[in-house]
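A.B. asks:
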Amino acid sequence: MKLNQKGQLDLEYYFEEIEKRGIIEVDKWPKNIELSWYEGIHHKRTACIYMDIRKYSERVSKDFIDTYKYLQLFYLNSWEIISKYGGYVEKQTGDGIMIVYPIDDDEKILDPLKLANEILESTRNNLNTFMQSHNENKYIIGLGVDVSEVIVTKVGLPKHEHHLMLVGDSANMAAKMCELAFDSIYVGCNYKTLVDENFRDHCDFELIAHLPYTIGEHKLSEEKNYNVFKFISFNVNNKL
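Residue 47 is where the sequence shown starts when you use the numbering used here, and the numbers rise one by one after that.
See the structure below:
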């Protein structure tokens, strides 16, 4: 990926490429990901990060072509960070992206939060600066993060051989956290507990809401309401 002098994705370059070529494709599998992790069927501790753009449908109705160009930049800007951390884009739904991140080592517990925070900050400081310089309204995004034990395997037709299927709570809960977040990152109590157990005092969170322990037929917790936390910041006094 082409970077600018600040080490950020060179959005001016890619915007010109999009105008010339219409679409920029990237490899869905980061070079640094361990592909063998996804072979067969696994029961793994996995974080899911879900993100989308707020009020995106309003943009589409006003100017589809320009909206498409800037959405491409949003994907590319996010992909540069996802690839850096070795995440996998499991799903794209219009302006929404679902990222899968296996936590097979306790040292990686903070990585999903770092990934989410870097996307949020890069959207605010890189992408939105570029968009406003082109007289476009900035993107407001929300991100949700949670973790659970999930069953992971590859499914689909041969043409889509790398499509993952996840069965577990973290995907559902990350989506619910994302729905609540506005220009912020919300995490579920499963992930917050995991962070506290291994990296206490490294992050600051604020308790935001208590979801009922069931939503429809989906059970969130055996005994109590499911707490939702807003990520505030990393503690600079602790080395990450």
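Yeah, the Cβ is synthetic: ideal placement off N, Cα and C, and Gly gets one too.
Note that the coordinates shown come from a computational prediction; the quantities given were computed from them, not determined experimentally.
1) Starting from Thr169, trace the alpha helix (DSSP H) in both directions and tell me its first and last residue.
2) For Glu126, collect the residues of the same chain with a Cβ closer than 7 angstroms to its Cβ; drop the 5 residues on either side in sequence, then sort them by chain order.
3) Under the rule that 16 or more other beta-carbon atoms within 10 Å means buried, what is Asn236, buried or exposed?
4) If you reduce the DSSP assignment to three classes, tell me which class Val232 lands in.
5) Taking 7 angstroms as the limit between beta carbons, can you name the residues of its chain near Leu253, skipping five residues before and five after?
6) Give a yes or no on contact between the stretch 146-158 and the stretch 90-100, applying the rule of three or more CB pairs nearer than 8 angstroms.
7) In whole angstroms, give me the CA-to-CA distance for Lys238 and Leu156.
8) One question on the structure: do Val176 and Leu57 come within less than 9 angstroms of each other, judged by their Cβ atoms?
9) Suppose contacts are defined by Cβ-Cβ distances below 9 angstroms. Is Met223 in contact with Asp192 by that definition?
10) Using DSSP bridges, identify the partner residues of Thr139.
11) Does Met47 come out as helix, strand or coil in the three-state DSSP assignment?
12) Indicate the three-state DSSP secondary structure (helix, strand or coil) for Ala162 in the structure shown.
13) Let me check you understand the geometry: is the CB of Glu153 closer than 8 angstroms to at least one non-hydrogen atom of the ligand SAM?
14) In this structure, how does DSSP classify Asn123 when only helix, strand and coil are distinguished?
15) Checking the sheet assignment: what are the DSSP bridge partners for Val191?
16) What is the residue span of the beta strand (DSSP E) that Ala255 lies within?
17) So Ala220 and Gly188 are supposed to be a Cβ contact under 8 angstroms. How far apart are they, rounded?
18) Can you tell me the Cβ-Cβ gap for Phe280 and Ile231, rounded? I've got them flagged as a contact below 8 angstroms.
19) Buried or exposed, going by whether 16 or more other CB atoms sit within 10 Å of the CB of Phe42?
20) I need the straight-line Cα distance from Ser124 to Ser194, nearest angstrom please.
21) Mind checking whether Val233 and Phe245 have CB atoms under 9 angstroms apart?
22) Kindly indicate the opening and closing residues of the alpha helix (DSSP H) around Asn218.
23) Excluding the five sequence neighbours on either side, which residues of its own chain have a C-beta within less than 8 angstroms of the C-beta of Lys137, listed in chain order?
C.D. replies: Per the coordinate set shown:
1) First-last for Thr169: undefined, no H or E at that position.
2) Met47 and Leu55
3) buried
4) Reading off the sequence shown, one finds Tyr at residue 232, where the question assumed Val. If DSSP states are grouped into helix, strand and coil, Tyr232 belongs with the strands.
5) Asn273 and Phe275
6) yes
7) 10 angstroms
8) Here residue 176 is Phe; the residue named in the question, Val, does not match the sequence. Closer than 9 angstroms, so yes.
9) yes
10) Gly142
11) coil
12) helix
13) As for the ligand SAM, it is missing from this structure, which has no ligand bound.
14) helix
15) Ile95 and Val233
16) Cys249 to Leu257
17) Incorrect: roughly 11 angstroms between the Cβ atoms, too far for contact.
18) Actually they are not in contact, since the Cβ atoms of Phe280 and Ile231 sit about 11 angstroms apart, beyond 8 angstroms.
19) This structure cannot settle anything about residue 42, because the visible part of the chain is limited to 47 through 286.
20) 23 angstroms
21) no
22) Asp215 to Leu226
23) Ile143 and Met144
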